[in-house]
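Student: Mind looking over this structure? Questions follow.
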Amino acid sequence: MKRVAVSACLLGKKCRYDGSDRYDRELETLLEGCEVIPFCPEEEILGTPRETIDIVEDRVVGSQSGHDYTDQIVAQAKEFVKSHPRIDQIYSKSKSPSCALCSARIYDKEGRLLADDAEGIFIKELKKAYKKAKFEERSPK
């Protein structure tokens, strides 16, 4: 059976920073017959609701607190890989500092936008581990 990891908010879980979801109805069809493994690194670490986080240079920091969550997110990604040694496909949420495949924003320390086409920190770690997996970023309306 195909093993597919999916950003939990895309499955309808209300785990975003504000307690909302980003349910992606099209995924229902794509996931038929698959073993689905949901993930939400931010909820695991910060709970819901929570402060938003940003990528500042190469670190993930709380936008209000300034707390650096990078090491926790990286450790969580490594634990995910250890718990799920085989993943065939990953659907990740666009624009997320944790889960984006190619749309995360990176800021400098003064808050100026440096890039808006970056990988999220969690996904970056998964890409290192799951070299044969297919990755797709989803951006439901």
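Residue numbers (this note's numbering): 7 to 147.
From the three backbone atoms N, C-alpha and C, an ideal C-beta is built for every residue, glycine too.
Would Arg144 be called buried (16 or more neighbouring beta carbons within 10 Å of its own) or exposed?
Tutor: Along the sequence shown, read from residue 1 onward, the residue named residue 144 stands at position 138. Under this definition Arg144 is a buried residue.
Student: Would you say the region 38 to 51 touches the region 74 to 94, given that touching needs at least three Cβ pairs under 8 Å?
Tutor: With a cut-off of 8 Å, the region 74 to 94 and the region 38 to 51 count as touching, because enough Cβ pairs lie within range.
Student: Smallest Cα separation from Lys19: which of Ser71, Ile79, Cys108, Glu48?
Tutor: As a working mapping, residue 19 is identified with position 13 in the sequence shown. Per the Cα distances, Glu48.
Student: Counting C-beta neighbours from all protein chains within 10 Å, is the total for Tyr126 16 or more, i.e. buried, or is it exposed?
Tutor: The count along the sequence shown starts at 1 and reaches residue 126 at position 120. The sequence shown places Gly at residue 126, rather than the Tyr named in the question. The residue in question, Gly126, is buried, as its Cβ has 16 or more Cβ neighbours within 10 Å.
Student: Please return the same chain residues whose Cβ sits closer than 6 Å to the Cβ of Thr2, not counting the five positions on each side in sequence.
Tutor: No answer is possible for residue 2: the residues shown for the chain start at 7 and end at 147.
Student: If I measure Cβ to Cβ from Glu142 and keep anything under 6 Å in the same chain, skipping five residues before and after, which residues do I get?
Tutor: Position 136 of the sequence shown, counting from 1, holds the residue named residue 142. Only Tyr97 meet the Cβ criterion.
Student: Would you kindly work out how many angstroms separate the C-alpha atoms of Glu38 and Lys115, rounded to a whole number?
Tutor: Numbered from 1 along the sequence shown, position 32 holds the residue referred to as residue 38. Numbered from 1 along the sequence shown, position 109 holds the residue referred to as residue 115. Approximately 44 Å between the Cα atoms of the pair.
Student: Taking all protein chains shown into account, decide if Ser71 is buried (16 or more other Cβ within 10 angstroms of its Cβ) or exposed.
Tutor: Stepping through the sequence shown from its first residue, residue 71 is reached at position 65. Under this definition Ser71 is an exposed residue.
Student: If you check the beta carbons only, do Lys99 and Cys15 fall under 8 Å apart?
Tutor: Counted from its first residue, the sequence shown places residue 99 at position 93. Counted from its first residue, the sequence shown places residue 15 at position 9. Closer than 8 Å, so yes.
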